[in-house]
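Peer 1: One structure follows; several queries about it will come next.
Residue numbers (the working numbering), protein chains in the order written: chain E, 1 to 316; chain H, 317 to 632.
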């Protein structure tokens with residue numbers, strides 16, 4: 001029994017690997033694949049790491065084996081990157097997903113395929129609260145690519161070519177490390193950078209509603225998707241629960257926990273291209289379907305900050 | 317100024333060509349392309365015909381020219397065919413659409429690209445009346461492929477790489493000729509075959525609601541899409557108006573116009589695989605968006621039968 005994580009070198013992939021190793025989920029090997037050689041997060045001999053450009057012809061087929069039982073497909077080009085580099089976005093976010101599904105179909109169609117989609121599939125004139133019956137009209141290439149991946153996973157699942165689950169992830173906060181090319185990068189920056197004594201730039205207004213999930217909750221939900229009973233699911237797509245907070249509420253929590261000085265390190269500088277993408281995303285979710293299926297929800301933004309501080313202590 | 321019709325040898329392509337030649341739309345050449353050599357429906361020297369397998373690498377690029385101003389992309393593998401031949405469905409309905417959009421992007425991004433999608437993008441638990449805010453959860457590979465094509469046309473349009481319009485066509489009735497591999501093939505058969513003295517099989521129940529459009533109305537709407545102002549459209553997808561009729565109402569109209577004997581030629585033989593696809597499609601449409609944009613609607617099913625009888629007289 002083999003588990004594969006694509007994007008296994010990334011923040012989520014590494015964290016997921018660590019959690020899988022501590023979980024009761026049975027497996028013999030855990031393969032972390034990424035375009036740059038993933039770090040091995042552990043001494044556990046079950047973990048294997050592989051450098052692989054999945055966009056190369058035949059690469060997906062070389063990854064999947066008859067022993068594979070579970071794939072977490074996390075590899076993606078993020079939103080602003082896909083918006084700037086149109087061809088790369090389609091190649092990575094659409095073609096790789098399709099090639100992986102084809103590999104699964106021909107090698108072992110019983111594989112559970114957990115596809116990380118995004119609330120960025122939503123866009124345009126949205127109801128104040130969205131759910132799985134809300135129409136998908138993305139306003140970014142990233143959103144379009146993820147929406148197409150969802151349709152692929154659903155059709156392959158309906159045909160019995162894969163056992164897919166699509167999770168639409170809220171924006172994750174707090175991501176560790178440095179800002180990336182996601183339009184939502186600031187959501188972590190405005191907490192993370194001030195906490196380590198650095199300036200951060202917020203490109204959106206204080207009253208913007210943002211849907212966030214903490215890393216721990218997203219990982220729990222990814223693992224839950226691995227064993228979810230899919231027979232009752234007529235449509236395999238689920239909006240993961242997200243907590244709605246305004247930028248101001250995030251900064252208020254930061255002030256409450258760490259004081260006035262920390263918050264003063266956040267500068268507001270509106271950025272039109274980021275605003276256009278981020279304001280097209282939904283600000284509030286109806287979590288009914290996810291909760292009925294046993295997924296987990298965050299309850300307070302203070303916990304997001306405490307989680308990040310605790311993570312940093314562990315590393316230090 | 318060149319117009320291209322893919323699927324130009326098909327029923328809609330040929331009929332569209334005839335109507336374009338009679339229309340006030342200005343053009344120098346009208347290129348009909350299809351996988352088998354299209355018939356030239358006229359003596360008009362502006363018409364050119366081309367045999368071309370668009371799924372071959374480079375074929376789409378060889379078709380589009382800097383002089384092309386308008387493409388009607390009608391070529392497709394129909395619903396039951398795409399359900400039976402999974403690979404062919406994706407290659408034709410997804411890959412060709414994508415390759416055509418890539419060709420337009422690089423050769424002349426101002427091209428108006430009219431993409432014929434289908435109400436088959438809808439599926440599953442639908443509201444009693446659907447409109448453009450209804451979520452798209454197709455229950456057939458054909459529907460998934462068309463839904464993906466819609467997302468592609470919208471994203472390429474948003475980026476300024478094409479000037480796209482997506483029309484979701486209702487089931488067309490009465491198609492001439494013979495039954496085809498569309499799950500909806502019976503919708504024409506149960507009118508067409510009895511009219512020429514032949515038996516027809518109806519695989520669904522008498523009380524099933526079907527959304528239909530007459531060939532004349534679909535052609536008018538395709539031509540309307542060619543000159544539609546797209547600036548005000550934030551999302552390029554439009555449900556073409558459809559008339560809701562039950563199978564029984566269709567047969568009642570047939571009886572009214574041609575008598576008892578004709579209707580007696582229709583046998584009811586339930587077919588589970590056709591039922592599963594057809595009953596997943598919507599039975600009623602809210603036409604508001606289409607009507608606001610100036611598209612046309614059918615008003616009575618009697619006219620569908622009169623139109624078909626008149627068509628056959630013209631040919632005879």
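Positions of the beta carbon are idealized from the N, C-alpha and C atoms, including for glycine.
Within the 7 Å Cβ cut-off, does residue 580 of chain H reach chain E?
Peer 2: It does not: the Cβ of residue 580 of chain H has no partner Cβ on chain E nearer than 7 Å.
Peer 1: If the cut is a Cβ gap below 7 Å, which residues of chain E does residue 402 of chain H touch?
Peer 2: Result: 159.
Peer 1: Which residue from E/280, E/255, E/170 puts its Cα closest to that of residue 215 of chain E?
Peer 2: Nearest C-alpha to residue 215 of chain E: E/170.
Peer 1: Consult DSSP for residue 292 of chain E and reduce its assignment to one of helix, strand or coil.
Peer 2: Residue 292 of chain E: helix per DSSP, three-state reduction.
Peer 1: Taking contact to mean 3 or more Cβ pairs, one atom from each stretch, closer than 8 Å, check whether the stretch 77-88 of chain E and the stretch 10-18 of chain E are in contact.
Peer 2: In short, these stretches do not touch, since the Cβ pair count stays below three.
Peer 1: Classify residue 499 of chain H as helix, strand or coil using the three-state DSSP reduction.
Peer 2: Three-state result, residue 499 of chain H: coil.
Peer 1: Do residue 119 of chain E and residue 383 of chain E have their beta-carbon atoms positioned less than 7 Å apart in this structure?
Peer 2: A query on residue 383 of chain E cannot be resolved here, the shown segment of chain E reaching from 1 to 316 and no further.
Peer 1: Could you name each continuous beta strand (DSSP E) segment of 3 residues or more that falls completely within the stretch 247-296 of chain E, going from the start of the chain to the end?
Peer 2: Entirely contained in the stretch 247-296 of chain E, the beta strand (DSSP E) runs reaching 3 residues are, in chain order, 266-268.
Peer 1: By the DSSP assignment, the alpha helix (DSSP H) with residue 27 of chain E in it spans what residues?
Peer 2: Taken as a continuous stretch (DSSP letters only), residue 27 of chain E belongs to no alpha helix (DSSP H), as it is neither H nor E.
Peer 1: Give me, in chain order, the residues of the same chain whose beta-carbon lies closer than 8 Å to that of residue 64 of chain E; leave out the 5 immediate sequence neighbours on both sides.
Peer 2: Only 4, 71, 100, 103, 104, 107, 108, 111 meet the Cβ criterion.
Peer 1: With a threshold of 7 Å between beta-carbons, can residue 96 of chain E be considered close to chain H, or not?
Peer 2: By this cut-off, residue 96 of chain E is not an interface position.
Peer 1: Go to residue 15 of chain E, then tell me how far its alpha helix (DSSP H) extends in each direction, as first and last residue.
Peer 2: From DSSP, the alpha helix (DSSP H) with residue 15 of chain E extends over 11-22.
Peer 1: Classify residue 440 of chain H: buried if its beta carbon has 16 or more other beta carbons within 10 angstroms, exposed otherwise.
Peer 2: Burial call: exposed.
Peer 1: Verify the CB distance criterion: does residue 471 of chain H have a CB-CB separation below 7 Å to chain E?
Peer 2: So, interface residue.
Peer 1: Around the C-beta of residue 521 of chain H, are 16 or more other C-beta atoms found within 10 angstroms, so that it is buried, or is it exposed?
Peer 2: Exposed, because fewer than 16 other Cβ atoms sit within 10 Å of the Cβ of residue 521 of chain H.
Peer 1: Three-state secondary structure (DSSP) at residue 233 of chain E?
Peer 2: Three-state DSSP puts residue 233 of chain E in coil, outside helix and strand.
Peer 1: Would you give the residue range spanned by the beta strand (DSSP E) that residue 367 of chain H belongs to?
Peer 2: Its beta strand (DSSP E) spans residues 363-367.
Peer 1: Helix, strand or coil, according to DSSP, for residue 555 of chain H in the structure here?
Peer 2: Three-state DSSP puts residue 555 of chain H in a strand.
Peer 1: Of all the alpha helix (DSSP H) runs that stay within the bounds of the stretch 449-528 of chain H, which reach a length of 4 or more residues?
Peer 2: Runs found: 457-474, 501-511.
Peer 1: Since residue 428 of chain H sits in a beta bridge, which residues does DSSP pair it with?
Peer 2: For residue 428 of chain H, which the question treats as bridged, DSSP gives the partners H/386, H/479.
Peer 1: Would a check of beta-carbon distances place residue 507 of chain H closer than 7 Å to chain E?
Peer 2: It does not: the Cβ of residue 507 of chain H has no partner Cβ on chain E nearer than 7 Å.
Peer 1: Quick one: residues in its chain with C-beta nearer than 8 Å to the C-beta of residue 371 of chain H, no 5 flanking neighbours on either side, listed in chain order?
Peer 2: Result list for residue 371 of chain H: 407, 408, 411, 412, in chain order.
Peer 1: Taking the Cβ atom as the reference point for each residue, do residue 298 of chain H and residue 490 of chain H lie within a distance shorter than 7 Å?
Peer 2: This structure gives no information on residue 298 of chain H, because the portion of chain H shown stretches from 317 to 632.
Peer 1: Per DSSP, what kind of secondary structure is residue 560 of chain H in: helix, strand or coil?
Peer 2: Residue 560 of chain H: strand per DSSP, three-state reduction.
Peer 1: So, helix, strand or coil for residue 392 of chain H, using DSSP?
Peer 2: Residue state, collapsed to three classes: coil.
Peer 1: Tell me where the beta strand (DSSP E) around residue 5 of chain E begins and ends.
Peer 2: 2-6 is the extent of the beta strand (DSSP E) around residue 5 of chain E.
Peer 1: Can the beta-carbon of residue 286 of chain E be found closer than 7 Å to that of residue 131 of chain E?
Peer 2: Result yes, Cβ atoms of residue 286 of chain E and residue 131 of chain E sit closer than 7 Å.
Peer 1: What is the C-beta distance between residue 438 of chain H and residue 597 of chain H, in whole angstroms, given that I count them as a contact (C-beta under 8 Å)?
Peer 2: The pair is a contact, with the Cβ atoms about 6 Å apart (cut-off 8 Å).
Peer 1: Can you pull the chain E residues whose beta carbon is under 8 Å from the beta carbon of residue 451 of chain H, in chain order?
Peer 2: Residues of chain E passing the Cβ test: 132, 133, 134, 135, 136.
Peer 1: List the endpoints of the continuous alpha helix (DSSP H) containing residue 409 of chain H.
Peer 2: Residue 409 of chain H -> no alpha helix (DSSP H), and no H or E assigned at all.
Peer 1: First and last residue of the alpha helix (DSSP H) that includes residue 543 of chain H?
Peer 2: Start and end: 531-543.
Peer 1: So, using beta-carbon positions, are residue 528 of chain H and residue 605 of chain H closer together than 7 Å?
Peer 2: Taking 7 Å as the Cβ cut-off, residue 528 of chain H and residue 605 of chain H do not qualify as a contacting pair.
Peer 1: Please tell me whether residue 151 of chain E has its Cβ less than 7 Å away from any Cβ of chain H.
Peer 2: Judged by the 7 Å Cβ criterion, residue 151 of chain E is in contact with chain H.
Peer 1: Figure out for me which residue from E/269, E/138, E/155, E/148 has the closest Cα to the Cα of residue 203 of chain E.
Peer 2: Of the candidates E/269, E/138, E/155, E/148, the one whose C-alpha sits nearest the C-alpha of residue 203 of chain E is E/269.
Peer 1: Interface residues of chain H around residue 235 of chain E at Cβ under 8 Å?
Peer 2: Going along chain H in sequence order, the residues near residue 235 of chain E (Cβ under 8 Å) are 440, 453.
Peer 1: Quick one, which of E/48, E/305, E/241, E/231 has its alpha-carbon nearest residue 258 of chain E's?
Peer 2: It is E/305 whose Cα lies nearest to the Cα of residue 258 of chain E.
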